[in-house]
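Visitor: A single structure is presented below for examination.
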Amino acid sequence: MNPSEDSEEEGPSKTKRRRTTGNQSNVQGIHQRTDSPGPEPSCVSYQESNLSRDVAIDFKGRANIKRIRQRPDAPGPEPSCVSYQESNLSRDVAIDFKRLSSIKGGDHESSEIPSGQSAQQHYTHLDSVFVLLEENIVAFVKKELKKIQKVLSQDCPECLESQMEDEEELDGEDEEQRRSSREACLKITMNFLRRMKQEEMADCLQSKSTVMCQSLLKSDLKNRFQCVFEGIAKAGNPTLLNQIYTELYITEGETGEVNNEHEVRQIETASKTRNRGKTIIRPEDIFKGSAGRHGAIRTVMTKGVAGIGKTVLTQKFTLDWAEDKANQDIHFIFPFTFRELNVLKEQKFSLMKLVHYFFTEPKEEGICRFEELKVVFILDGLDECRLPLDFNKTKTLTDVTESTSVDVLLTNLIRGNLLPSARLWITTRPAAANQIPPGCVDLVTEVRGFTDPQKDEYFMKRFTDEEQATTIISLIKSSRSLHIMCHIPVFCWITATVLEDVMKTREGGELPRTLTEMYIHFLVVQTKVKNIKYDGGAEIDPHWSPESRKMIDSVGKLAFEQLQKGNLIFYESDLTECGIDIRAASIYSGVFTQIFIEERGLYQDKVFCFVHLSVQEFLAALHVHLTFINSGVNLLSEPSPSHTSQPKGSAVMHFYTNAVDKALQSPNGHLDLFLNFLLGLSLQDNQKLLRGLMTQVECLPETKQQIVQYIKDKLSPTLSAARSLNLVNCMNELNDCSLVEKIQQYLKSRGFFPDEYSPAQLSALLFVLMSSEENLDVFDLQKYSASEEALLRLLPILKHSKKAELSGCNLSERSCEALASLLSSQLSSLRELDLSNNDLHDSGVKLLSAGLKSLNCKLRILRLSGCLITEKGYDSLASALSYNAYHLRELDLRYNHADDSGVKKLSALLKNPNYRLKTISVEPGGDRWLRPGLKKYFCQLTINTDTVNKRLKLSDDNRKVTQLKEIQPYPDHPQRFDWQFQLLCSNGLTGRCYWEVEWNGLVYVSVSYTGIERSGRGDSSGFGRNKQSWALRCSEGGYCALHNNDQSFLRPSASSGRVAVYVDYLAGSLSFYRVSSDKLIHLHTFNTTFTEPLHAGLGVWWHNSSAALLDVRVSTV
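Position one of the sequence shown corresponds to residue 1 (full-length UniProt numbering), numbered consecutively onward.
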């Protein structure tokens, strides 16, 4: 090769990617001999220094020559020198030239300097080499400077690209060296322009290079993301993303905790919290956060269940940038997926090489630094990461050019050690979010999927026929559970696919009632499409050919085995383990494109997955069920000998109960939906839908009932709420809704609740409340069951309520601990908590204070009146609120007892201007209130004899009243009830009061204003029939609460009994209880605003019926 050819610039190769670059020279300390004749040649000096920032290059004939390491005795003209001084800021600036050995006659393999004649020949040869080297460098730099000058003289970034069109094509290694040389020359030029105070010109040159690269990258990303295949990997017709995209519901907020609830069930939970104070973020504002947020946002983590639309969200964000619609302040967006990065597990990259590996544009345009640019890295699918991300032991890496393993690279990038100026967007399913330390994440957002209007919008876009779309929307809304599931976009697609087929084949037939039926229809539809589209079959042909059955068996086995391992994506090795070769997998993905997906990353191996986690779970359940039916082998239990005949009786029962046990043993609920499908497949109706694929196995009614009873028995108080909810769903999949229907009857009856719920009934109550449309912003536990067991089971509801009424619910320390955990959760929406009249004691308040101390606690009002709190409890509250009193505005501690020191500690918080606490109520207080329960408020009532009807006889020192036929000799009085068999007490009630009444026959227990009418038989004088009075009617027919003729029928009763009345005048609360063995069972509570003093009243309506006021005073504890 002619030496002059070395000066030719190396152009970009046609090769898309190279994972390794050419070798680079490291020449150090090459100096000219002092006795060499003629002009001193150029020299190249590479010096390492952490002090130097500059990279200088000087050539002969130029002014301002910089002298570098010239020998003091060297004669002749001063040499040209190129000095490369490495520093943390400039070590990437290096000019790579073709190896010296490529120059004819060059031989530099020996590192030794010869002596004598041979040494003289060596230095003579070295001189000639460096003469040629200097000529080549000068020619190269002159050529590059001409190009750069031309670029600066023109006003378009495309000029940079046009300057490269005349380059010769070289092989990959030479192209890499030429590119590297061009990068160095460009960098050196900008460096010298800045040293010459030509900042504007240097900025212009850098900007033109950046804009050109940005333009090419945008073009590439537009091609990549402008089309999507909805639910399909690569087959079918692509859909424009902008055409199908529906805005997702994205909220700001971090859970800070691991959710052990199955993801599909999390959607049901999330549906209860929409629009409840959550900050909604538009996708284009993901790095801006909410209004009023302080501090820059570097790393955003977006969580969401599988199929919720996280990937599409990042694609839309990228596409909007590439189409110049949003975020134009960003210079570059580099979207990566962990699926692609997993394949590079055994390779080493620097950050720049990793970018160049996936995106050629920065490499081709010579951009090798991002510190001064706004760059966004998208890391999609953390839950699919198979790299060992270790944030505790990974070595620190700060150099973007230093190569290491991909996991170390990502760990340092996320930590901010590497390229701290970059922004990161990480997406993940909730269960994997805790892989990233909280300190590495500035903002956590959550994709909640579609709101109800967005669901409608999706289906209107999905179906061009408006009438058909409207019909499908109506069908979906008729099924509450299906409507909730459609918060997940992929469920919308699955549902639309199924319902479209149902409407065609059944002429608008019945909507699938369960998830199992829905997914069976989905599988049948896809099989039908396969038979017609790929096999040339007809609509009426059988669905299940031998090939289809084999395919279902193969993908079912893969689904089950990978589900057990927790894998959602599969590589060739995973398929091999399941006996599927890569060719067969490609065939399956090409046929069942809407079930089993084959994906190919940018430049990597094939990746396979199911269209959604729920599809994998369904196919896994189908595989386990088919295996058991066909061979008698239970894949969920220990290996057992197979059977040739169909399993029956106890074997069937054991198969399903064993599945229940396995699912309950799962720590993260990953088998929850699998269990739903497996039990659903046991039904005859569902097996009929799979006729031809599945041999029907008779599940006798008694076997089904045994399974249902087994599930009910598993609903113990110690079972988590998530597992309990799933078991209730399982009973629904078995078409046994008896438990849920019973609870619904209780709720409709407005009061016919059992005295105590069983654990199964509490689980069903939770299920009903979670799936109902009832607004639970205000949660009153007494409406359901005033018990600690009920509270602990219904905590998921409480988490999403703004106000919790827990007064007088028999709560203890155990409840305080659970509530503290709730208050510490960032998921909690609770702003007002009333725990009054629960015997919490100081120990309970201490536990509760742990939650109050948390900065996640946003309570504004806390009521702890009448909770047996003393000085120690006051101290615990003062300590907790000194950490976090930024939200609490009102604290009610009346009817407790503490000395002055405890009150002073709390009062000091009122004086702190940084706290919002405005009111602390402590009076009345004193040791007289340290009595358990409501009896501390006992009032000794006195009957006003001037009000007693003349058919009512007083006895027992005027404490008892009985209706008789005989008229009593009471004098006439204007306050006496002349027709109604009633009386009033003389005590005016204005505080907290409690009393008990023993009744027999038909009795009204009432409170009334004194203004109630006393004469006549109309409603204006009857207790509970007007606005002046409130009453509880007691009879053997049951209890009934009345006010202004509005009646609430409550639970039935015996012919006699004992009831209690509690009035909190200031709170506007009037409660009635049934007393059983000194235990209060809540009957009804009126909430109103009292405008004048109240008076207790009694009405005795049947002959020989009676009512007596009881003395229930208790001593101080």
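Think of the CB as a built atom: it goes at the ideal place given N, C-alpha and C, for glycine as much as any other residue.
Using only alpha-carbon positions, find the residue among Asn1000, Ser350, Lys748 that is nearest to tryptophan 1102.
Guide: As a working mapping, residue 1102 is identified with position 1102 in the sequence shown. Nearest of Asn1000, Ser350, Lys748 to tryptophan 1102, Cα basis: Asn1000.
Visitor: Whose C-beta lies closer than 7 Å to the C-beta of cysteine 204 among residues of the same chain, with five residues either side of it excluded?
Guide: Start at 1 with the first residue of the sequence shown, and residue 204 comes out as number 204. Only Leu152 meet the Cβ criterion.
Visitor: Could you tell me the alpha carbon to alpha carbon distance between isoleucine 569 and glutamine 468, rounded to whole angstroms?
Guide: On the sequence shown, residue 569 is found 569 positions in, with the first residue counted as 1. On the sequence shown, residue 468 is found 468 positions in, with the first residue counted as 1. Looking at the two C-alpha atoms, the distance is approximately 35 Å.
Visitor: Considering Cα atoms alone, identify which of Ala1096, Thr394, Asn567 is closest to threonine 990.
Guide: Translated into the one-based positions of the sequence shown, residue 990 becomes position 990. The residue with the shortest Cα to Cα distance from threonine 990 is Ala1096.
Visitor: Can you check which of these residues, Lys960, Tyr895, Leu941, is closest to tryptophan 929 by C-alpha distance?
Guide: Here residue 929 corresponds to residue number 929 of the sequence shown, with the count starting at 1. Out of Lys960, Tyr895, Leu941, Tyr895 has the C-alpha closest to the C-alpha of tryptophan 929.
Visitor: Can you tell me whether valine 611 is helix, strand or coil according to DSSP?
Guide: The residue given as residue 611 occupies position 611 in the sequence shown. Note: valine 611 maps to coil in three-state DSSP.
Visitor: For alanine 432 and tyrosine 710, what's the separation of their Cα atoms in angstroms?
Guide: Here residue 432 refers to the residue found at position 432 of the sequence shown. Here residue 710 refers to the residue found at position 710 of the sequence shown. The alpha-carbon atoms of alanine 432 and tyrosine 710 are separated by roughly 33 Å.
Visitor: Can you find a heavy atom of the ligand SAM that lies under 6 Å from the Cβ of arginine 462?
Guide: This structure does not include the ligand SAM; it has no bound ligands of any sort.
Visitor: Aspartate 220: which of Val141, Val312, Phe359 sits nearest, CA to CA?
Guide: For the purposes of this step, residue 220 is taken as residue 220 along the sequence shown, with counting starting at 1. Comparing Cα positions, the closest option is Phe359.
Visitor: Distance check for arginine 959 and aspartate 1111, CA to CA, integer angstroms please.
Guide: Counting from one through the sequence shown, the residue named residue 1111 turns up at place 1111. Counting from one through the sequence shown, the residue named residue 959 turns up at place 959. Approximately 9 Å, taken between the alpha carbons.
Visitor: If you pair each beta-carbon of the region 298–315 with each one of the region 611–621, do three or more pairs fall below 8 Å?
Guide: Yes, the region 298–315 touches the region 611–621.
Visitor: In the DSSP assignment, what are the bridge partners of methionine 485?
Guide: Looking up residue 485 in the sequence shown gives position 485. Answer by DSSP bridge pairing: none, since methionine 485 is not bridged.
Visitor: If we call anything under 7 Å between Cβ atoms a contact, is leucine 382 one with isoleucine 414?
Guide: To locate residue 382, count along the sequence shown from 1; it is residue 382. To locate residue 414, count along the sequence shown from 1; it is residue 414. Not closer than 7 Å, so no.
Visitor: Any idea which residues DSSP pairs tyrosine 1039 with across the strands?
Guide: Locating residue 1039 in the sequence shown gives position 1039, counting from the first residue. Answer is Cys1034, bridged to tyrosine 1039.
Visitor: Short check: CB of leucine 823 to CB of glycine 851, under 7 Å?
Guide: Mapped onto the sequence shown, residue 823 falls at position 823. Mapped onto the sequence shown, residue 851 falls at position 851. Closer than 7 Å, so yes.
Visitor: Less than 7 Å separating the beta-carbons of cysteine 185 and glutamate 144?
Guide: In the sequence shown, residue 185 corresponds to position 185, counting from 1. In the sequence shown, residue 144 corresponds to position 144, counting from 1. Yes. Within cutoff.
Visitor: How would you label isoleucine 1066, buried or exposed, when you count the other beta carbons within 10 angstroms and need 16 or more for buried?
Guide: Here residue 1066 refers to the residue found at position 1066 when the sequence shown is read from its first residue. At residue 1066 the sequence reads leucine, which differs from the isoleucine that was named. So leucine 1066 ends up on the exposed side.
Visitor: Per the DSSP calculation, glutamate 890 is bridged to which residue(s)?
Guide: The residue labelled residue 890 in the question sits at position 890 within the sequence shown. According to DSSP, which records beta bridges pairwise, glutamate 890 is partnered with Ile861, Thr919.
Visitor: Compute the Euclidean distance between the alpha carbons of isoleucine 629 and serine 650, then round it to the nearest angstrom.
Guide: The residue labelled residue 629 in the question sits at position 629 within the sequence shown. The residue labelled residue 650 in the question sits at position 650 within the sequence shown. The straight-line gap from Cα to Cα measures roughly 14 Å.
Visitor: Around the C-beta of lysine 187, are 16 or more other C-beta atoms found within 10 angstroms, so that it is buried, or is it exposed?
Guide: Working through the sequence shown from its first residue, we reach residue 187 at position 187. When all chains shown are included, lysine 187 counts as buried.
Visitor: Is it right to say alanine 1107 is buried, meaning 16 or more other beta carbons lie within 10 angstroms of its own, or is it exposed?
Guide: Along the sequence shown, read from residue 1 onward, the residue named residue 1107 stands at position 1107. Under this definition alanine 1107 is a buried residue.
Visitor: Output yes or no for whether 7 Å exceeds the beta carbon distance between glycine 873 and histidine 897.
Guide: Numbered from its first residue, the sequence shown carries residue 873 at position 873. Numbered from its first residue, the sequence shown carries residue 897 at position 897. Contact: no.
Visitor: Note the first and the last residue of the continuous beta strand (DSSP E) segment covering tryptophan 999.
Guide: Residue mapping note: residue 999 aligns to position 999 of the sequence shown, counting from 1. 992–1000 is the span of the beta strand (DSSP E), which, as asked, contains tryptophan 999.
Visitor: Take arginine 1051 as the anchor and find which of Ala885, Leu819, Ala1041 has the nearest alpha-carbon.
Guide: Start at 1 with the first residue of the sequence shown, and residue 1051 comes out as number 1051. Ranking the options by Cα distance to arginine 1051, first place goes to Ala1041.
Visitor: Check for me: the beta strand (DSSP E) holding histidine 1084 runs from which residue to which?
Guide: Taking the first residue of the sequence shown as position 1, residue 1084 is located at position 1084. 1079–1087 is the span of the beta strand (DSSP E), which, as asked, contains histidine 1084.
Visitor: Comparing C-alpha positions only, which one of Leu683, Ser771, Ser1035, Ser815 sits nearest to leucine 840?
Guide: Stepping through the sequence shown from its first residue, residue 840 is reached at position 840. Per the Cα distances, Ser815.
Visitor: In this structure, does DSSP put phenylalanine 618 in helix, strand or coil?
Guide: Your numbering for residue 618 matches position 618 in the sequence shown. Helix, per DSSP.
Visitor: Would you give the residue range spanned by the beta strand (DSSP E) that methionine 301 belongs to?
Guide: The sequence position of residue 301 within the sequence shown is 301, counting from 1. First-last of the beta strand (DSSP E) with methionine 301: 299–303.
Visitor: Report yes if the CB atom of cysteine 985 is closer than 7 Å to the CB atom of threonine 942, and no otherwise.
Guide: Indexing the sequence shown from 1 puts residue 985 at position 985. Indexing the sequence shown from 1 puts residue 942 at position 942. Contact flag set, yes.
Visitor: Please look up how many angstroms separate the CB atoms of phenylalanine 677 and glutamate 774, rounded, as I've assumed it's under 8 Å.
Guide: Along the sequence shown, read from residue 1 onward, the residue named residue 677 stands at position 677. Along the sequence shown, read from residue 1 onward, the residue named residue 774 stands at position 774. Actually they do not touch by this definition, with Cβ atoms about 29 Å apart.
Visitor: What's the call for asparagine 1044, buried or exposed, on a 16-neighbour Cβ count within 10 Å?
Guide: In the sequence shown, residue 1044 corresponds to position 1044, counting from 1. Classification for asparagine 1044: exposed.
Visitor: For the candidate residues Leu693, Lys803, Asn658, Thr657, whose alpha-carbon lies nearest to that of histidine 623?
Guide: Position 623 of the sequence shown, counting from 1, holds the residue named residue 623. Of the listed residues, the one whose Cα sits closest to histidine 623 is Leu693.
Visitor: Tell whether a beta-carbon distance below 7 Å holds between isoleucine 330 and threonine 445.
Guide: Start at 1 with the first residue of the sequence shown, and residue 330 comes out as number 330. Start at 1 with the first residue of the sequence shown, and residue 445 comes out as number 445. Not in contact: isoleucine 330 and threonine 445 (Cβ atoms no closer than 7 Å).
Visitor: For the alpha helix (DSSP H) holding proline 796, just list the boundary residues, first then last.
Guide: Along the sequence shown, one-based indexing puts residue 796 at 796. It spans 795–799 - the alpha helix (DSSP H) in which proline 796 sits, taken as one unbroken run.
Visitor: For threonine 398, which residues of its own chain have a beta-carbon under 7 Å away from its beta-carbon, when the five flanking residues on both sides are left out?
Guide: The sequence position of residue 398 within the sequence shown is 398, counting from 1. Within the same chain, threonine 398 has close Cβ partners Asn417, Leu418.
Visitor: Rounded to the nearest angstrom, what separates serine 1071 and phenylalanine 767 at their Cα positions?
Guide: On the sequence shown, residue 1071 is found 1071 positions in, with the first residue counted as 1. On the sequence shown, residue 767 is found 767 positions in, with the first residue counted as 1. Distance between the alpha carbons of serine 1071 and phenylalanine 767 is about 27 Å.
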